[in-house]
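Engineer: Residue numbers (our numbering), protein chains in the order written: chain A, 32 to 704; chain B, 14 to 327.
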């Protein structure tokens with residue numbers, strides 16, 4: 032019983048440390064270095080504690096609940112740490128810990144700036160503490176409280192560099208979407224609370240809803256959590272907000288905060304709502320497929336490195352939702368083992384995405400700090416200037432492209448294995464839907480690889496395109512350490528998937544009632560999701576095989592015996608004289624064939640201004656999100672129109688406003704009585 | 014343990030025989046075009062000559078450029094090792110299934126394209142851009158074709174798939190026909206053959222694979238060329254063993270193995286002939302026609318899967 036109590040205490044320590052990291056450094060505002068150091072130390076402790084406590088809860092499969100003596104008089108805040116919350120706590124904690132290693136060196140530039148780092152430390156602490164509390168919350172009241180804390184704190188982090196108007200714009204849209212999302216969540220929990228006696232998750236779980244009300248609650252939750260997770264078409268805030276925050280915050284937002292939304296969705300649908308129907312699964316599957324494909328296509332067209340990575344978050348959330356949709360479909364049709372497989376695939380991808388996306392954001396942050404460049408078209412040749420960053424970034428690129436033997440491959444492989452079990456459903460519609468989703472996933476994987484060839488090739492290879500890039504060097508030790516840790520994690524979770532899946536098994540056992548014991552019963556070498564005959568993947572052996580065959584080829588073909596001279600010469604210039612950096616392929620040129628093939632996806636404006644008197648010819652390429660124009664601009668116009676219509680009730684006279692308040696109160700009293 | 018020994022022997026044989034298949038196709042093609050081509054064993058001479066030469070590195074090349082040939086070659090070898098050639102008794106097939114096979118090939122291509130972009134010339138970027146465009150359309154089609162086969166036998170393990178297909182009666186399964194057609198189209202695109210790419214061209218407007226490896230020389234070039242020949246053999250083996258699996262040895266009986274070796278060789282030679290004929294009677298497509306070609310492959314593979322689910326699942 033000792034262990035049971037321990038996990039919760041450790042998790043509470045994590046929350047406390049995160050909140051302290053928001054407050055304590057404020058007392059040292061005259062000593063900014065101490066302030067930053069203290070803040071990240073507490074954040075690191077908090078992250079470590081969270082991943083420890085969460086990991087323990089996951090491994091020991093315990094579930095423990097406490098009621099804190101704070102909150103409303105009749106509604107104390109209650110917390111619960113079960114394997115699902117533990118797993119997400121582990122992810123958030125791990126990335127927070129690594130971000131705390133990375134952060135101190137990264138924010139050095141802000142210390143010297145005029146803004147000071149006070150707001151940054153306060154809101155980072157609140158943000159991380161809010162995320163932990165969302166994961167631990169065991170009643171709707173504390174969940175929403177923590178959720179809004181997380182949203183609002185992250186708004187201030189997005190708007191931290193508020194000198195630039197585009198940052199303020201991004202932050203405003205982020206806040207707007209967060210508010211709308213929060214409203215949907217209130218409605219979703221409201222429907223559940225209406226059918227249950229109380230706000231606690233235990234009471235909500237016990238409630239029975241009619242199918243109609245359940246579907247309504249599901250729709251609200253899907254939109255509410257989807258807004259935060261960034262599924263298409265609710266993703267528009269994500270590529271605006273994530274890139275403008277400081278890079279370690281971008282990593283936390285993109286890598287981890289989106290996972291908190293996924294956690295909320297899983298908790299709500301599998302944990303609280305129950306009565307999952309296959310139609311919901313189909314909706315999730317379709318939206319997930321659309322997010323995956325559109326996310327990667329939009330990412331391919333981006334030249335701002337951090338924005339490109341943000342679009343890839345949309346893609347990866349899509350992949351996670353594909354797994355969740357499959358799980359819901361199989362769960363609703365009583366194929367529990369396959370449902371568990373799909374759920375584990377989705378959860379595994381949550382972990383993987385947190386790792387490689389944070390890694391890539393850290394790499395982008397290192398480049399940004401060293402060269403002040405965020406436009407890929409101005410980079411190039413960084414592999415020689417920043418070898419450590421380049422190596423880690425390469426690992427991130429391979430992982431996110433779902434290539435063996437790294438971690439991204441494992442989770443996509445598991446998702447494919449779940450999709451391949453589609454024919455057991457014996458239903459025409461579903462049978463046709465699942466292969467299409469698998470096809471979309473395959474397309475996404477291939478496109479992601481294409482996109483990351485572009486990213487790595489343009490950013491790190493070739494010749495430097497601007498002088499600032501030539502002066503870049505590897506960042507200081509803390510920032511390197513953060514990247515190396517994540518790169519090692521990417522490899523580790525890619526090579527030892529059997530252990531990870533075994534640890535994850537507790538989650539479907541709790542939510543679905545069935546684990547995936549068959550996946551790992553052939554030992555740690557093998558991953559056999561359905562059965563050994565159906566499919567198997569020996570990740571350690573694959574890694575070993577790649578190493579051995581590389582070694583053999585190298586030893587046999589690398590001529591150690593002979594004269595091994597390598598002559599260095601200029602690259603082939605077709606006899607026209609020296610090549611320069613501007614003759615290289617650009618990111619836009621690289622993506623051009625794909626832009627042309629899928630031109631119906633974007634709104635492309637492409638024109639060439641001819642050379643005139645005293646000006647050079649200019650090539651202008653604008654690629655816009657079609658969904659923004661189709662969906663959001665009309666809504667914005669409508670809102671403005673409604674606001675205009677209703678503006679005349681606002682006379683500016685205090686007595687009129689008091690009247691309004693009075694009549695509203697009267698009306699409400701009448702409703703209640 | 015003997016199984017593992019045979020895996021190594023088999024992989025070595027394929028690796029060593031791969032240049033012969035490439036040479037055979039080239040020789041046949043020359044014959045069909047009324048030219049006196051180089052003998053089929055010419056690729057061996059080329060590889061030997063290249064491996065003896067010094068490497069000339071571009072001054073802008075990074076370590077990626079130097080490790081890429083080894084990675085591309087070794088990953089292709091690994092991919093070959095999990096493909097059944099003469100027998101389905103293949104212990105490595107359990108280590109990595111068809112999805113991992115596609116993953117290996119994608120990993121090789123990832124480094125090949127990066128190597129193309131490394132030197133910072135327009136050719137390399139051009140080749141890499143075209144390569145990833147074509148493969149990002151071809152790979153889903155390939156996976157769909159494999160998935161159809163996998164659903165047919167409810168396994169993604171390549172030896173199980175082939176063993177199951179080889180033991181079936183000769184029945185026409187619509188799904189297998191569609192997915193075979195998809196597989197062939199993809200294989201032609203992925204191995205850089207006409208009508209998608211021309212292995213014999215060095216014209217900047219048309220080349221894809223050659224553009225990426227333009228800066229390579231010496232043993233690096235030899236490895237890259239060898240890897241691409243190996244890829245041709247790999248896809249050829251997949252096609253002959255998945256579409257017409259009959260004749261492959263189901264057990265490790267020597268007489269069966271000898272018989273299977275003969276049959277596989279015959280099938281490969283015949284496939285080489287088909288490839289040579291198709292390359293002779295067709296012209297290379299414009300690059301922007303390739304999406305339609307690959308779209309066709311994708312639709313065929315998807316049709317295969319749909320027809321399996323709708324018609325064949327009881």
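Virtual Cβ for every residue (Gly too), placed ideally from N, Cα, C. Every value quoted in this text rests on a predicted model; they were computed, and no experiment measured them.
Specify the secondary structure class of residue 49/B as computed by DSSP and reduced to three states.
Structural biologist: If DSSP states are grouped into helix, strand and coil, residue 49/B belongs with coil.
Engineer: I think residue 262/B touches residue 100/B, with their Cβ atoms under 8 Å apart; what is that distance to the nearest whole Å?
Structural biologist: Indeed, because the Cβ distance is near 4 Å, the residues count as touching under 8 Å.
Engineer: For the putative contact between residue 88/B and residue 117/B, defined by C-beta atoms under 8 Å, what is the C-beta separation to the nearest angstrom?
Structural biologist: Contact holds; Cβ gap of about 5 Å.
Engineer: Residue 318/B touches chain D at which residues, Cβ-Cβ below 7 Å?
Structural biologist: This model lacks chain D altogether; the protein chains it does include are A and B.
Engineer: Taking just the CA atoms, how far does residue 357/A sit from residue 374/A?
Structural biologist: About 8 Å.
Engineer: At a Cβ threshold of 8 Å, is residue 218/B touching chain A?
Structural biologist: So, not an interface residue.
Engineer: Could you spell out the range, first to last residue, of the beta strand (DSSP E) harbouring residue 100/A?
Structural biologist: Note, residue 100/A: beta strand (DSSP E), 95–103.
Engineer: Residue 132/A: buried (16+ other C-beta within 10 angstroms of its C-beta) or exposed?
Structural biologist: Flag for residue 132/A reads buried.
Engineer: Quick one: is residue 585/A near chain B, going by C-beta distance under 8 Å?
Structural biologist: Closer than 8 Å: yes.
Engineer: Helix or strand or just coil, what does DSSP make of residue 323/A?
Structural biologist: Helix.
Engineer: Count the other C-beta atoms from every protein chain shown that fall within 10 angstroms of the C-beta of residue 178/A, then say buried if there are 16 or more, exposed otherwise.
Structural biologist: Burial call: buried.
Engineer: At a CB distance below 7 Å, what residues from the segment 467–498 of chain A approach chain B? Give them in sequence order.
Structural biologist: Listed by position, the residues of the segment 467–498 of chain A near chain B (Cβ gap below 7 Å) are 469, 470, 473, 474, 477, 478, 480, 481, 484, 487, 488, 492, 493, 494.
Engineer: Unbroken alpha helix (DSSP H) runs of length 4 or more, entirely within the segment 513–582 of chain A: which are they?
Structural biologist: Complete alpha helix (DSSP H) runs here, min 4: 528–535, 537–542.
Engineer: If we define contact as Cβ-Cβ less than 8 Å, is residue 113/B a contact residue for chain A?
Structural biologist: Interface residue, yes.
Engineer: I want to verify the contact list: residues of chain A whose CB lies under 7 Å from the CB of residue 199/B, in sequence order.
Structural biologist: Within chain A, no residue comes near residue 199/B; the closest Cβ sits about 12 Å away, beyond 7 Å.
Engineer: What does residue 475/A pair with, by DSSP beta-bridge criteria?
Structural biologist: Partner(s): none; residue 475/A has no beta bridge.
Engineer: Pull up the CB-CB distance for residue 434/A and residue 119/B, whole angstroms please, since I reckon it's below 8 Å.
Structural biologist: Indeed, because the Cβ distance is near 6 Å, the residues count as touching under 8 Å.
Engineer: Taking only three categories from DSSP, how would you classify residue 403/A?
Structural biologist: Of the three classes helix, strand and coil, the one that applies to residue 403/A here is coil, per DSSP.
Engineer: Using the Cβ count rule (16 or more neighbours within 10 Å means buried), how would you classify residue 630/A?
Structural biologist: With fewer than 16 other Cβ atoms within 10 Å, it is exposed.
Engineer: Measuring straight from C-alpha to C-alpha, what distance separates residue 596/A and residue 348/A?
Structural biologist: Approximately 49 Å between the Cα atoms of the pair.
Engineer: For residue 98/B and residue 457/A, which I take to be in contact (beta-carbon distance under 8 Å), what is that distance rounded to the nearest angstrom?
Structural biologist: So it is not a contact: roughly 37 Å between Cβ atoms.
Engineer: Give me, in chain order, the residues of the same chain whose beta-carbon lies closer than 8 Å to that of residue 504/A; leave out the 5 immediate sequence neighbours on both sides.
Structural biologist: 401, 416, 417.
Engineer: Provide the residue(s) that pair with residue 597/A in DSSP beta bridges, ordered along the chain.
Structural biologist: DSSP, once it has assigned bridges, lists 68/B as partnering residue 597/A.
Engineer: Find the nearest neighbour of residue 656/A within the set 267/A, 670/A, 194/A, judged by alpha-carbon distance.
Structural biologist: Of the candidates 267/A, 670/A, 194/A, the one whose C-alpha sits nearest the C-alpha of residue 656/A is 267/A.
Engineer: For a cutoff of 8 Å on Cβ pairs, would you count residue 264/B as touching chain A?
Structural biologist: Judged by the 8 Å Cβ criterion, residue 264/B is not in contact with chain A.
Engineer: Could you tell me whether the Cβ atoms of residue 639/A and residue 511/A are closer together than 8 Å?
Structural biologist: Cβ atoms of residue 639/A and residue 511/A: not closer than 8 Å.
Engineer: Just to confirm before moving on: does the CB-CB distance between residue 56/B and residue 242/B stay below 8 Å?
Structural biologist: In contact: residue 56/B and residue 242/B (Cβ atoms closer than 8 Å).
Engineer: Run through chain B and tell me which residues come within less than 7 Å of residue 236/A, C-beta to C-beta.
Structural biologist: Under the 7 Å cutoff, chain B gives no residues; its nearest Cβ is about 36 Å from residue 236/A.
Engineer: Tell me, please, whether the CB atom of residue 45/A is closer than 8 Å to any CB atom in chain B?
Structural biologist: Taking Cβ atoms only, chain B never reaches closer than 8 Å to residue 45/A, which makes this a no.
Engineer: Measuring CB to CB, does residue 144/B end up less than 8 Å from residue 225/B?
Structural biologist: Yes, they are a contact pair.
Engineer: Residue 265/A: which of 207/A, 279/A, 122/A sits nearest, CA to CA?
Structural biologist: The candidate whose alpha carbon is nearest that of residue 265/A is 207/A.
Engineer: May I have the straight-line CA-CA distance separating residue 664/A from residue 658/A, to the nearest angstrom?
Structural biologist: Between residue 664/A and residue 658/A, the C-alpha separation is close to 9 Å.
Engineer: Apart from the five residues just before and just after residue 273/B, which ones in its own chain have a Cβ nearer than 7 Å to its Cβ?
Structural biologist: Contacts found: 99, 100, 260, 261, 262.
Engineer: Let me know if residue 33/A comes out buried or exposed under the rule of 16 or more other beta-carbons within 10 Å of its beta-carbon.
Structural biologist: Caution is warranted here: a pLDDT of 48 is assigned to residue 33/A, below 50, making its placement in the model unreliable, and the coordinate value is therefore given only provisionally. Exposed, since its Cβ has fewer than 16 Cβ neighbours within 10 Å.
Engineer: For residue 352/A, which of helix, strand or coil comes out of DSSP?
Structural biologist: Reduced to three states, the DSSP call for residue 352/A is helix.
Engineer: How about residue 22/B: is its C-beta nearer than 8 Å to some C-beta of chain A?
Structural biologist: Not an interface residue.
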